[in-house]
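Chemist: Shown below is the structure under consideration.
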Amino acid sequence: MSVLQLENVSIRYMTGDFKDIGLKEYVMRRLKHNYHVTEFWADRDVTFSLEKGDMLGIIGTNGAGKSTLLKAISGIMEPTKGWVKREGNIAALLELASGFDGDLTVRENTYLRGAMLGYTRKFMDEMYDQIIDFAELQDFQDRPFKQLSSGMKSRLAFSIASLVQPDILILDEVLSVGDGAFRKKSEAKMREIINGGATTILVSHSIDQVRDMCSKVLWLDKGRQIAFGDEVQLYCDAYEEFLMAKRLPKNREDIENLAKAFEDRQASEN
Amino acid sequence: MIKKMRKFQFLFEELVKRDFKKKYKRTVLGMAWSILSPLLTLLVMRLVFTQFFGRDTPHYTTYLFCGNLVFSYFSDSTNQGMTSLIGNSAIFTKVNVPKYLFLFSKNVQTLINFGLTLCVFFVFCIIDDITFTWKLVCLLYPIACLVLFNIGVGLILSALFVFFRDIQYLWSVFTQLLMYMSAIFYTIDRYSYNVQCLFLLNPVYLFIRYFRKIVIEATIPTIWFHLLMAADVIIVLGIGCWMYKKYNHRFLYYV
Chain C
1 MSVLQLENVS
11 IRYMTGDFKD
21 IGLKEYVMRR
31 LKHNYHVTEF
41 WADRDVTFSL
51 EKGDMLGIIG
61 TNGAGKSTLL
71 KAISGIMEPT
81 KGWVKREGNI
91 AALLELASGF
101 DGDLTVRENT
111 YLRGAMLGYT
121 RKFMDEMYDQ
131 IIDFAELQDF
141 QDRPFKQLSS
151 GMKSRLAFSI
161 ASLVQPDILI
171 LDEVLSVGDG
181 AFRKKSEAKM
191 REIINGGATT
201 ILVSHSIDQV
211 RDMCSKVLWL
221 DKGRQIAFGD
231 EVQLYCDAYE
241 EFLMAKRLPK
251 NREDIENLAK
261 AFEDRQASEN
Chain B
1001 MIKKMRKFQF
1011 LFEELVKRDF
1021 KKKYKRTVLG
1031 MAWSILSPLL
1041 TLLVMRLVFT
1051 QFFGRDTPHY
1061 TTYLFCGNLV
1071 FSYFSDSTNQ
1081 GMTSLIGNSA
1091 IFTKVNVPKY
1101 LFLFSKNVQT
1111 LINFGLTLCV
1121 FFVFCIIDDI
1131 TFTWKLVCLL
1141 YPIACLVLFN
1151 IGVGLILSAL
1161 FVFFRDIQYL
1171 WSVFTQLLMY
1181 MSAIFYTIDR
1191 YSYNVQCLFL
1201 LNPVYLFIRY
1211 FRKIVIEATI
1221 PTIWFHLLMA
1231 ADVIIVLGIG
1241 CWMYKKYNHR
1251 FLYYV
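In order, the protein sequences belong to chains C and B. The first sequence begins at 1 in the working numbering and counts up one residue at a time. The second sequence begins at 1001 in the working numbering and counts up one residue at a time.
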């Protein structure tokens, strides 16, 4: 029984002149035939499924469609084609520090974020001290949020989100925040959540983190699914070699060749 | 639906709290200002227009106040509601929450303001020698309609504002125009019957007229008047909900 299932998910993304435009400008551009909207496929036919307790790492270069895919998984976006099936509740941490309100205090922001993640007030009342302790922000509770450093903001965001026992946890570039000590703490917390049976999706530019923590890998490139599977080492090796060689694998054989080339290079370097 | 409401009740409460705190944090007068400002408008209008219209309009202060009360609620609610969606774009692009919550939260705030002003209004009525009758209860109908109407207009405007950022200026011009067409400080008796009927096309005028009928004349408007108001509300609310439903996932592209 899979917790999360994506079947041929394709998402068409729009971009162009319609952003930040006024009605007057819109009409003028229309009249002058200077109004352009480009549509492109941010994700194309992505198919995979995750079981309970899986930890998926999504890898890919910038613009590969990772964030868009996460938005579809968390329900913020609707796939243009295909479907997403989720079992249980989802907690998504997309670009952690945003979505806070700089004018409110840390305490108020904590409650607001908790509410956004779908917690109850009772739960927040019980957990509040624990959150602040974990984020190490005891001295800042009634300070306006904008006075915090970006590391502190991310720490708070992580602390709030990691408290839930979500069935599916989505982390977008989350673990690369905070100083070394906090990173260790957050990784430990993450493992705790995963061991608790949550299915986790991690997007990280740190390939070592993916190697370390993930049990499955999804490789995207320009919206297309290059590979998906539990051979984490193989795919990570191939991906790292791809970053060097800029040669996109077409099939299984290519991937193995890439991984082999990577190993050879590693061996020769040592 | 009820399950969904329970789920988002906590978020809604927190949003309302946030909007309140943000609005009144750095003002000395705080909420008092929100009551003072319509009173000042009233004062100015009373001074300026009494010469022209006040003489043959009975209870002119109350007459003016009815107009101001309704119109300032309408204009506050729609103007603040307009920015509610864009202002929270950082939230709805990251978390999957119902987008209308942001507008509702703003509307709670303006509704409370309206309630406070309404209390002041009744005090002024007493000063102006208005005798209260049981018919005051009927005011609940236009108030309920007005709340829904404002939400409807807010839905439309906040959606439009995502697409076209200059709606704000166009809307402020439009509200100005609407104010002059809502017979706030003049009476429409001098117009011909046909022109008087044209005023009925203006929903805001309907609300104002209802208030005046009940408070000043102590008569209940006809059933048709009620239905006309309800129709306005349903149309506006319908368009608003439709826009939110249609663009629910597409707002994302515009921010």
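C-beta atoms are modelled at their ideal positions from N, C-alpha and C, and glycine is treated no differently.
1) Helix, strand or coil for B:Val1048? Go by DSSP, reduced to three states.
2) If the cut is a Cβ gap below 8 Å, which residues of chain B does C:Tyr111 touch?
3) Please report the distance separating the alpha-carbon of B:Gly1067 from that of B:Ser1182.
4) What residue from C:Asn109, C:Ala42 and C:Met244 has the CA that sits closest to C:Phe145's CA?
5) Which parts of the region 1073-1148 of chain B are runs of the beta strand (DSSP E), unbroken and 3 residues or longer, counting only runs that do not cross its ends?
6) Compute the Euclidean distance between the alpha carbons of B:Val1095 and B:Leu1252, then round it to the nearest angstrom.
7) Do you know offhand how far C:Leu234's Cα is from C:Ala259's?
8) Under a CB-based cut-off of 8 Å, is B:Tyr1244 close to chain C?
9) Counting C-beta neighbours from all protein chains within 10 Å, is the total for B:Gln1109 16 or more, i.e. buried, or is it exposed?
10) Between the alpha carbons of B:Val1296 and B:Tyr1180, how many angstroms are there, rounded?
11) Return yes when the Cβ of B:Leu1036 is within less than 8 Å of the Cβ of B:Leu1305, no when it is not.
12) When DSSP builds the beta bridges, which residues end up paired with B:Gly1240?
13) At which residues does the alpha helix (DSSP H) containing C:Lys250 begin and terminate?
14) Should the region 100-116 of chain C be called in touch with the region 140-154 of chain C, which here means at least 3 C-beta pairs below 8 Å?
15) With three or more beta-carbon pairs closer than 8 Å as the criterion, would you say the region 1231-1241 of chain B touches the region 1085-1095 of chain B?
16) Take B:Ile1069 as the anchor and find which of B:Met1031, B:Ser1105, B:Gly1081 and B:Leu1116 has the nearest alpha-carbon.
17) Can you give me the C-alpha to C-alpha distance between B:Lys1025 and C:Ile255, rounded to a whole angstrom?
18) In whole angstroms, what separates the C-alpha of C:Ile11 from that of C:Met190?
19) Chain C beta carbons: is any one of them nearer than 8 Å to that of B:Thr1093?
20) Out of C:Ile59, C:Asp43 and C:Arg121, which one is the CA nearest neighbour of C:Leu243?
21) If the cut-off is 8 Å on Cβ atoms, which residues from the region 1163-1178 of chain B count as contacting chain C, listed in chain order?
22) Please decide whether C:Phe182 counts as near chain B, where near means a Cβ-Cβ distance under 8 Å.
23) In the region 21-98 of chain C, which residue ranges form an unbroken alpha helix (DSSP H) of at least 4 residues, counting only runs that do not cross its ends?
24) 8 Å is my cut-off, CB to CB: does B:Asn1107 come that close to chain C?
25) At which residues does the beta strand (DSSP E) containing C:Arg12 begin and terminate?
26) At a cut of 8 Å, does the region 37-51 of chain C reach the region 219-227 of chain C through at least three beta carbon pairs?
27) Could you pull the DSSP bridge partners for C:Thr200 from this structure?
28) Return helix, strand or coil for B:Thr1061, following the three-state DSSP convention.
29) Is it true that the CB of C:Ala72 sits closer than 8 Å to the CB of C:Leu117?
30) Under 8 Å by Cβ, that's how I've got B:Thr1062 and B:Asp1019 pegged, so tell me the actual separation to the nearest angstrom.
31) Does C:Glu108 come within less than 8 Å of chain B when only Cβ atoms are used?
32) Given a threshold of 16 other Cβ atoms within 10 Å of its Cβ, counted over all protein chains shown, does B:Cys1119 qualify as buried or as exposed?
33) Give the single residue among C:Asp167, C:Asn257 and C:Gly102 whose Cα lies nearest to the Cα of C:Ser150.
34) Is the Cβ of C:Ile21 closer than 8 Å to any Cβ of chain B?
35) Give the straight-line distance between the Cα atoms of B:Cys1145 and B:Ala1159, rounded to the nearest whole angstrom.
36) In chain C, what lies closer than 8 Å to B:His1059 by C-beta?
Modeler: For this structure:
1) Three-state DSSP puts B:Val1048 in a helix.
2) Neighbours of C:Tyr111 on chain B, chain order: Glu1014.
3) Cα to Cα, B:Gly1067 sits roughly 8 Å from B:Ser1182.
4) Cα-wise, what sits closest to C:Phe145 is C:Asn109.
5) The beta strand (DSSP E) runs of length 3 or more contained entirely in the region 1073-1148 of chain B do not exist; there are none.
6) CA-to-CA, the gap between B:Val1095 and B:Leu1252 works out to about 12 Å.
7) The alpha-carbon atoms of C:Leu234 and C:Ala259 are separated by roughly 6 Å.
8) Answer no: the Cβ-Cβ gap between B:Tyr1244 and chain C never drops below 8 Å.
9) B:Gln1109 comes out buried.
10) In the structure as shown, chain B begins at 1001 and stops at 1255. Residue 1296 of chain B is therefore absent and cannot be evaluated.
11) Any property of residue 1305 of chain B remains undetermined from this structure, which presents chain B solely from 1001 to 1255.
12) B:Gly1240 pairs with nothing; no bridge assigned.
13) For C:Lys250, there is no enclosing alpha helix (DSSP H), as DSSP marks it with neither H nor E.
14) They touch, by the three-pair rule.
15) Because the criterion of three Cβ pairs below 8 Å is not met, the region 1231-1241 of chain B and the region 1085-1095 of chain B do not touch.
16) The sequence shown places Leu at residue 1069 of chain B, not Ile. With distances taken between Cα atoms, B:Leu1069 lies closest to B:Leu1116.
17) The straight-line gap from Cα to Cα measures roughly 59 Å.
18) Between C:Ile11 and C:Met190, the alpha-carbon positions lie close to 29 Å from each other.
19) Closer than 8 Å: yes.
20) With distances taken between Cα atoms, C:Leu243 lies closest to C:Ile59.
21) Those would be Phe1163, Phe1164, Arg1165, Asp1166, Ile1167 and Leu1170, in chain order.
22) It does not; no Cβ of chain B falls within 8 Å.
23) Fully enclosed alpha helix (DSSP H) runs of 4 or longer: 23-31 and 66-74.
24) With 8 Å as the cut-off, B:Asn1107 does not count as an interface residue toward chain C.
25) If you look at C:Arg12, you'll find it in the beta strand (DSSP E) that goes Leu4 to Gly16.
26) Yes, the region 37-51 of chain C is in contact with the region 219-227 of chain C.
27) DSSP output for C:Thr200 lists C:Met55 and C:Leu169 as bridge partner(s).
28) In this structure, B:Thr1061 counts as helix in the three-state DSSP scheme.
29) For C:Leu117 and C:Ala72, no; Cβs fall outside 8 Å.
30) Going by Cβ atoms, the distance from B:Thr1062 to B:Asp1019 rounds to 31 Å, so no, they are not a contact pair.
31) Yes, C:Glu108 lies at the interface with chain B (some Cβ there is under 8 Å from its Cβ).
32) So B:Cys1119 ends up on the exposed side.
33) Of C:Asp167, C:Asn257 and C:Gly102, the residue nearest in Cα terms is C:Gly102.
34) C:Ile21 belongs to the set of residues whose beta carbon lies under 8 Å from a beta carbon in chain B.
35) Roughly 21 Å separates the two Cα atoms.
36) Within 8 Å Cβ-Cβ: nothing; B:His1059 doesn't reach chain C, min ~42 Å.
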